[in-house]
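Worksheet for the structure shown next.
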């Protein structure tokens, strides 16, 4: 159970994982070779609040944000939507690159597609509409959101 899990310092752990990764890693699953990453990933719910705080801090590198987002990919739907809403809020303030938003929607990690798979869930619909309605997202990303909302993206993945 989560209560048996000895929690570690989230920020320090993300920094540690980051320092061990090659700066130009391209294959997301590379993080799974790091036991510290796997520890957070498997206990995502225990670290959700820390992850939200981490993404809302100014000045995080894109790579550290990506590690944080990937570490949250095993959350249950409602917990993941909570996390995504925090990421969207920071993006809307202009403090995150679009890449981070794309990563929460299309993580490209272990065939995890929690947002796409749950395209018909009310909270997911509201989240995707909030992203789609942001004036600063690219036309490409907007089209991707429309495909998710229609169910087309999920049908293409099945």
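In my numbering, the protein residues as written are 195 to 352. Beta carbons are placed, not taken as given, at the ideal position from N, Cα and C, and that holds for glycine. Note that the structure is a prediction, hence the values are computed from the model and not measured.
Inter-residue spacing [alpha-carbon to alpha-carbon] between residue i and residue j
| i | j | result |
| --- | --- | --- |
| residue 284 | residue 348 | 27 Å |
| residue 268 | residue 277 | 12 Å |
| residue 337 | residue 266 | 25 Å |
| residue 342 | residue 304 | 19 Å |
| residue 298 | residue 249 | 12 Å |
| residue 196 | residue 231 | At residue 196, the pLDDT of 44 sits below 50, so the modelled position is not reliable; the number obtained from the coordinates is stated separately. Going by the C-alpha atoms only, they are around 16 Å apart. |
| residue 244 | residue 264 | 14 Å |
| residue 279 | residue 209 | 23 Å |
| residue 332 | residue 226 | 31 Å |
| residue 307 | residue 319 | 14 Å |
| residue 287 | residue 334 | 21 Å |
| residue 221 | residue 257 | 12 Å |
| residue 252 | residue 346 | 35 Å |
| residue 238 | residue 329 | 31 Å |
| residue 205 | residue 327 | 31 Å |
Residue span of the alpha helix (DSSP H) that contains residue i, given as start and end
| i | result |
| --- | --- |
| residue 257 | 256-265 |
| residue 202 | No alpha helix (DSSP H) contains residue 202, which DSSP labels as neither H nor E. |
| residue 238 | 238-250 |
| residue 276 | 271-286 |
| residue 299 | 292-299 |
Beta-carbon spacing of residue i, residue j below 8 Å
| i | j | result |
| --- | --- | --- |
| residue 207 | residue 234 | yes |
| residue 214 | residue 228 | yes |
| residue 261 | residue 211 | yes |
| residue 282 | residue 325 | yes |
| residue 296 | residue 273 | no |
| residue 271 | residue 323 | no |
Please give the ranges of any alpha helix (DSSP H) in the region 305-347, keeping only runs that are unbroken, at least 4 residues long and fully inside the region. Inside the region 305-347, DSSP marks whole alpha helix (DSSP H) runs of 4 or more residues at positions 308-311, 316-326 and 333-343, from first to last along the chain.
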